[in-house]
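Remarks on the structure that follows.
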Amino acid sequence: MVDSVLSFHGRWKSPRVMKHRLVQNQGSKSRGCAQSVNYLEAVDLFVRLHREGLELNSFVFTSILKLLVSVESGEFCRSVHACLYKLGHRSNAFVGTSIIDAYSACGLVDDAREAFDEIIWKDMVSWTGMVTCYAENGVFKEALELFSDMRMGGFWPNNFTLASVFKASLGLEAINLGRSVHGCALKMRYELDPYVGAALLDLYTKLGDMEDAKLVFEEIPKCDVIPWSFMIARYSQHQRSKEAVELFCRMRQSLVLPNHFTFASVLQACGTMADLDLGKQIHCNVLKVGLDSNVFVSNALIDVYSKCGKMENSVDLFEESTNRNEVTWNTLIVGHAQLGHEEKALKLFLQMREDNVQGTEVTYSSVLCACAGLAALKLGTEIHSLTIKTRFDKAITVGNALIDIYAKCGSIKDARVVFEMMSNRDVVSWNTMISGYSMHGLSSEALRIFEYLQKTMIKADKLTFLGVLSACSNTGLLDKGQAYFTSMVHDYCINPCIEHYTCMVALLGRSGHLDRAVRLIEEMPFEPSIMIWRALLTTCIIHNNVELGKMAALHVLELEPHDEATYALLANMYAAARRWDDVASVRNSMKKKGIKKEPGLSWIESQGTVHYFVVGDASHPDIRLIYGMLEWLNMKTKKAGYVPNYEVLLQDVEDDEKPRRLWVHSERLALAFGLIRTPFGSPIRILKNLRICLDCHAAIKCISTVVQREIVIRDVNRFHHFQNGTCSCGDYW
DNA sequence: CGGCAACTAA
Numbered sequence: 003m004v005d006s007v008l009s010f011h012g013r014w015k016s017p018r019v020m021k022h023r024l025v026q027n028q029g030s031k032s033r034g035c036a037q038s039v040n041y042l043e044a045v046d047l048f049v050r051l052h053r054e055g056l057e058l059n060s061f062v063f064t065s066i067l068k069l070l071v072s073v074e075s076g077e078f079c080r081s082v083h084a085c086l087y088k089l090g091h092r093s094n095a096f097v098g099t100s101i102i103d104a105y106s107a108c109g110l111v112d113d114a115r116e117a118f119d120e121i122i123w124k125d126m127v128s129w130t131g132m133v134t135c136y137a138e139n140g141v142f143k144e145a146l147e148l149f150s151d152m153r154m155g156g157f158w159p160n161n162f163t164l165a166s167v168f169k170a171s172l173g174l175e176a177i178n179l180g181r182s183v184h185g186c187a188l189k190m191r192y193e194l195d196p197y198v199g200a201a202l203l204d205l206y207t208k209l210g211d212m213e214d215a216k217l218v219f220e221e222i223p224k225c226d227v228i229p230w231s232f233m234i235a236r237y238s239q240h241q242r243s244k245e246a247v248e249l250f251c252r253m254r255q256s257l258v259l260p261n262h263f264t265f266a267s268v269l270q271a272c273g274t275m276a277d278l279d280l281g282k283q284i285h286c287n288v289l290k291v292g293l294d295s296n297v298f299v300s301n302a303l304i305d306v307y308s309k310c311g312k313m314e315n316s317v318d319l320f321e322e323s324t325n326r327n328e329v330t331w332n333t334l335i336v337g338h339a340q341l342g343h344e345e346k347a348l349k350l351f352l353q354m355r356e357d358n359v360q361g362t363e364v365t366y367s368s369v370l371c372a373c374a375g376l377a378a379l380k381l382g383t384e385i386h387s388l389t390i391k392t393r394f395d396k397a398i399t400v401g402n403a404l405i406d407i408y409a410k411c412g413s414i415k416d417a418r419v420v421f422e423m424m425s426n427r428d429v430v431s432w433n434t435m436i437s438g439y440s441m442h443g444l445s446s447e448a449l450r451i452f453e454y455l456q457k458t459m460i461k462a463d464k465l466t467f468l469g470v471l472s473a474c475s476n477t478g479l480l481d482k483g484q485a486y487f488t489s490m491v492h493d494y495c496i497n498p499c500i501e502h503y504t505c506m507v508a509l510l511g512r513s514g515h516l517d518r519a520v521r522l523i524e525e526m527p528f529e530p531s532i533m534i535w536r537a538l539l540t541t542c543i544i545h546n547n548v549e550l551g552k553m554a555a556l557h558v559l560e561l562e563p564h565d566e567a568t569y570a571l572l573a574n575m576y577a578a579a580r581r582w583d584d585v586a587s588v589r590n591s592m593k594k595k596g597i598k599k600e601p602g603l604s605w606i607e608s609q610g611t612v613h614y615f616v617v618g619d620a621s622h623p624d625i626r627l628i629y630g631m632l633e634w635l636n637m638k639t640k641k642a643g644y645v646p647n648y649e650v651l652l653q654d655v656e657d658d659e660k661p662r663r664l665w666v667h668s669e670r671l672a673l674a675f676g677l678i679r680t681p682f683g684s685p686i687r688i689l690k691n692l693r694i695c696l697d698c699h700a701a702i703k704c705i706s707t708v709v710q711r712e713i714v715i716r717d718v719n720r721f722h723h724f725q726n727g728t729c730s731c732g733d734y735w
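Each residue of the first sequence is one higher than the last, beginning at 3 in my numbering.
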């Protein structure tokens with residue numbers, strides 16, 4: 003390529019001027035447009051020098067090579083290298099090291115090594131240059147081997163060498179090697195060098211523990227912002243937000259000015275803690291120093307507000323923002339999705355595409371997550387094809403989100419297909435698959451996946467066991483559940499958290515060991531949560547233990563006096579025990595406290611739109627057809643032997659009104675709509691915001707035989723697959 | 001002749 007440029011004839015300039023210009027250009031190391039203009043001009047001058055047959059000395063070469071570092075053009079590097087070879091400059095350590103550096107920037111490690119081997123009199127800098135080249139390009143093993151060769155050759159490392167060696171040790175996760183080189187750095191008094199210090203902090207914060215890093219941090223000079231930012235960032239990333247904020251305060255006391263790096267990191271800590279007041283204070287600081295226009299800082303601010311549930315503030319900041327990137331969009335999408343504003347998240351995604359902003363794997367995984375929340379299978383499938391088109395389906399996080407959406411939309415088989423197709427899986431992939439099977443009540447599949455997982459190099463974590471235990475609890479596998487719980491503690495050294503205990507309480511309770519469930523709650527090292535009392539209450543309903551159930555309900559209401567779900571469960575329990583006076587008193591105290599039972603809401607997707615139905619809904623445009631279908635189903639199921647269970651009504655209703663009350667439950671409306679609107683033979687998928695009621699469960703089992711269709715209902719807890727008169731939950735939910 | 005830190009997701 004240089005040769006083709008060499009053919010250019012231009013006005014002659016004195017070599018001194020040319021050299022001066024070359025050196026000037028390399029002064030600005032900024033990348034981008036201006037840089038490439040400078041570089042073209044410089045190449046032009048270089049080429050003319052060559053053309054005119056003027057002396058190309060080592061200074062000219064080092065200058066042009068310095069430029070090539072920022073241009074990252076492998077072709078040019080090779081051309082200049084060839085030129086050097088011809089002129090015999092390759093033996094010069096200065097020129098040789100420059101070319102190593104230029105090759106290193108393009109990732110051409112082998113070419114760099116060739117240039118390194120050509121240097122006859124290697125000095126410490128050329129050794130260091132090559133070690134750095136390996137370390138920067140991720141060839142860590144070679145970096146360390148070359149470092150050892152260098153030492154054998156009698157060369158002492160300097161601060162540059164040490165920083166690269168620490169980087170390579172980090173890359174190989176060789177903490178002990180890092181520690182011994184740290185000793186070497188101490189001996190040579192290089193530990194005070196800012197770059198060595200940063201490399202050490204990087205090493206210890208990632209491989210050792212934060213305490214080692216802290217020791218290093220306390221030793222090194224702290225008048226510069228970088229070590230502070232470094233530690234604050236790491237504390238934030240390690241979820242040690244409090245320490246991050248403390249360090250930020252200490253930094254301010256030391257009169258070191260925070261920059262955009264520092265603010266972005268400390269704001270991340272605010273977000274993790276969801277500390278709105280602190281976030282606002284730091285927001286003021288940001289405004290004061292005028293860093294609010296920095297993308298990283300403004301993204302972090304948007305995230306803080308969204309994590310504190312203040313989406314309005316996030317949206318305002320987003321709309322005011324002058325600098326946006328794809329992360330800005332993602333932050334807002336993720337914020338909406340996490341707060342359950344799925345539609346807003348999806349709308350924003352469409353807007354993002356209209357604005358021609360390219361999505362990333364974060365975009366796709368969070369948008370898929372929003373679809374999973376809505377169980378919008380059709381839309382999810384469309385986005386799935388979009389990820390195939392953009393190749394983001396290869397990203398692990400997107401694959402995980404795809405497993406999740408198919409599982410949560412009721413297509414557990416498709417979830418498995420995605421899982422099998424993934425070329426790389428992480429622990430989240432396995433966890434998602436296990437909890438997917440568990441949600442569907444397919445505990446044997448869930449446990450089989452867990453067995454496979456144990457044969458891989460991936461380590462099971464807390465969430466894996468949560469999936470395994472909930473699989474056991476969903477199907478009442480008492481012995482297995484207990485064995486896994488013990489194994490988790492003993493073989494995997496995982497301390498059970500309250501969610502694990504909740505699974506165990508549900509499992510023990512369901513299996514009829516209510517006394518052991520209570521004992522477990524008493525013995526566990528946590529304050530009982532609402533969830534665990536609710537789990538106990540649910541099992542009390544199954545086993546008709548009214549007194550214990552009442553106790554559990556009181557505990558929930560102590561923690562959360564307005565918990566409507568608990569009132570509903572309590573009423574159900576009294577109804578199951580036929581204690582109608584108590585049902586009435588529960589309803590009275592709800593009335594007194596102004597608590598309304600959350601109305602049952604079911605929804606179903608048809609041709610890309612979601613249709614919602616509440617109890618007794620009459621607002622749907624197809625309502626006449628729907629009621630006609632319900633009428634027909636009522637007749638057919640009665641003939642097939644379905645007997646309505648009026649106890650679930652929990653209210654004093656006139657007898658002739660009772661059947662109608664049951665048939666307008668939201669899931670039946672959605673089901674009737676589904677039967678009208680979906681092709682014969684296809685499965686019908688319905689979602690519900692509450693637990694499916696006992697009578698609907700019985701009716702739908704019967705309907706699945708009458709209409710010969712597979713009916714899938716997802717309620718708050720799990721999936722029910724109805725087919726040929728049975729349900730996958732085995733009537734145990 | 002050379003190297004450090006930041007925002008989103010699971």
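Ideal Cβ placement from N, Cα and C applies to all residues, glycine included.
- Contact between L209 and E245 is absent: CB atoms are separated by about 19 Å, not below the 8 Å threshold.
- Counting along the chain, no beta strand (DSSP E) covers V491; the unbroken alpha helix (DSSP H) around it starts and ends at L480 to H492.
- Pairing Y206 with L146, the inter-Cα distance amounts to about 18 Å.
- A straight line joining the alpha-carbon of G412 with that of N719 spans about 13 Å.
- Residue nearest to L632 within the set Y648, P601 and A701 is A701 (criterion: CA-CA distance).
- Of the residues I532, L479, G469 and G514, the one whose Cα lies closest to the Cα of H502 is G469.
- Per DSSP, the continuous beta strand (DSSP E) segment holding L603 begins and ends at L603 to S608.
- The distance from the Cβ of C79 to that of I102 is about 10 Å, inconsistent with a contact at the 8 Å cut-off.
- DSSP places T389 within a helical segment (H, G or I) once states are collapsed to three.
- According to the DSSP assignment, T399 belongs to no beta strand (DSSP E) but to the alpha helix (DSSP H) extending over I398 to K410.
- Taking M152 as the centre and dropping the five residues before and after it, the same chain places the C-beta of W129 closer than 6 Å to its C-beta, in chain order.
- Here the C-alpha atom of V218 lies approximately 40 Å from the C-alpha atom of A339.
- Shown here, K599 sits in coil according to DSSP, grouped into three states, outside any helix or strand.
- The C-alpha of L480 lies about 24 Å from the C-alpha of L696.
- Taking all protein chains in view, the Cβ of G273 is crowded by 16 or more other Cβ atoms within 10 Å, so the residue is classified as buried.
- Here F615 is bridged, per DSSP, to S604.
- Looking from the CA of K552, the closest CA among L689, D226, L572 and A642 belongs to L572.
- Rounded to whole angstroms, the separation of the alpha carbons of T64 and E57 is 14 Å.
- The continuous alpha helix (DSSP H) containing K216 extends over residues M212 to E221.
- Q270 sits in a helix when the DSSP states are folded into three classes.
- DSSP, read as helix, strand or coil, puts R427 in coil.
- As DSSP reads the structure, C729 sits in a beta bridge with F724.
- If you compare the alpha carbons of D583, N433, S446 and K410 with that of D463, the shortest gap goes to N433.
- According to DSSP, residue pairing for I715 in a beta bridge involves I688 and H722.
- Between V714 and R679, the C-beta gap is not smaller than 8 Å, which leaves the two residues out of contact.
- Ranked by Cα distance from I177, the options D416, D204, S100 and D305 are led by D204.
- Of the residues H52, Y87, R53 and A44, the one whose Cα lies closest to the Cα of I66 is A44.
- Short of 6 Å from the beta carbon of I398, and not among the five residues preceding or following it, lie these beta carbons of its own chain, in chain order: N426 and D428.
- Bounds of the alpha helix (DSSP H) holding F142 are F142 to M154.
- For the 8 Å CB-CB criterion, A577 and E649 form a contact.
- For K599, the CB contacts under 8 Å within the same chain, skipping 5 residues up- and downstream, are E566, Y569, A570 and M592 in chain order.
- Excluding the 5 residues flanking it on each side, N139 has same chain C-beta neighbours closer than 6 Å at G109 and V111, in chain order.
- Straight across, the Cα-Cα distance linking V198 with L444 is about 54 Å.
- For H545 and G478, the gap between their C-alpha atoms comes out near 14 Å.
- Cβ neighbours of N691 within its own chain (closer than 6 Å, five residues either side excluded): L603.
- Restricting attention to P260, D119, E74 and A107, the CA atom closest to the CA of A95 is found in D119.
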